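Quick note: the sequence shown uses this note's numbering, first residue 1, plus one each step. Beta carbons are placed, not taken as given, at the ideal position from N, Cα and C, and that holds for glycine. These numbers were taken from a predicted model, which means no experiment stands behind them. Notes for the one structure printed next.
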Amino acid sequence: MEIKPYNRYNLFFILERELILQQNNPTYDPIETLRVPDYVTGFEGIEMPSKLPKWYSKLVLPPGWYLPGRNKRRSHKKRHGQLGFAAITLLMHREDIEVQSQLVNGRLTYMAR
């Protein structure tokens, strides 16, 4: 199976998920969940901009958070046990409604590049 790079929505989902998890549980450690793939993905040399939009500025992200294939091991298991997938997607849906209302203000111009 070919590993494809994340698109803008995937990156948005990852950032929003981390934002929700870190806001709801201050003891959540995202670096602890980092898993370096045990195979070559072809995306090892990719670097993301060091500066994220201001609403993500307080996020603690593990190095290589944007690399595809790093969370493949036992993906059927709960990793954090704080929120289920349905709860996260509901919260993200509510955030998306807010984001859509703020698109006029240019909130997502950074992500749209």
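By a C-beta neighbour count over all protein chains shown, 10 Å radius and 16 as the cutoff for buried, is E98 buried or exposed?
The residue is exposed, with fewer than 16 neighbouring Cβ atoms inside 10 Å.
Rank N10, I88, P30 by C-alpha distance to the C-alpha of P63 and give the top, closest one.
Among N10, I88, P30, the Cα nearest to that of P63 is on P30.
Anyone know if the C-beta pair for V60 and Q22 falls short of 9 Å?
In contact: V60 and Q22 (Cβ atoms closer than 9 Å).
Do you know how far the Cα of R17 is from the Cα of K58?
Rounded to the nearest whole angstrom, the CA to CA distance from K58 to R17 is 14 Å.
Are L19 and Y66 closer than 9 Å when you measure CB to CB?
Their beta carbons are not under 9 Å apart, which means L19 does not touch Y66 by this criterion.
State the start and end residues of the unbroken alpha helix (DSSP H) segment that holds L15.
Under the DSSP assignment, L15 falls in the alpha helix (DSSP H) whose first and last residues are 8 to 24.
Buried or exposed: where does L90 fall if 16 or more other Cβ atoms within 10 Å of its Cβ makes it buried?
Exposed is the call here.
Suppose you measure from the CA of R8 to the CA of D96; what does that come to, to the nearest Å?
R8 and D96 have their C-alpha atoms spaced approximately 14 Å apart.
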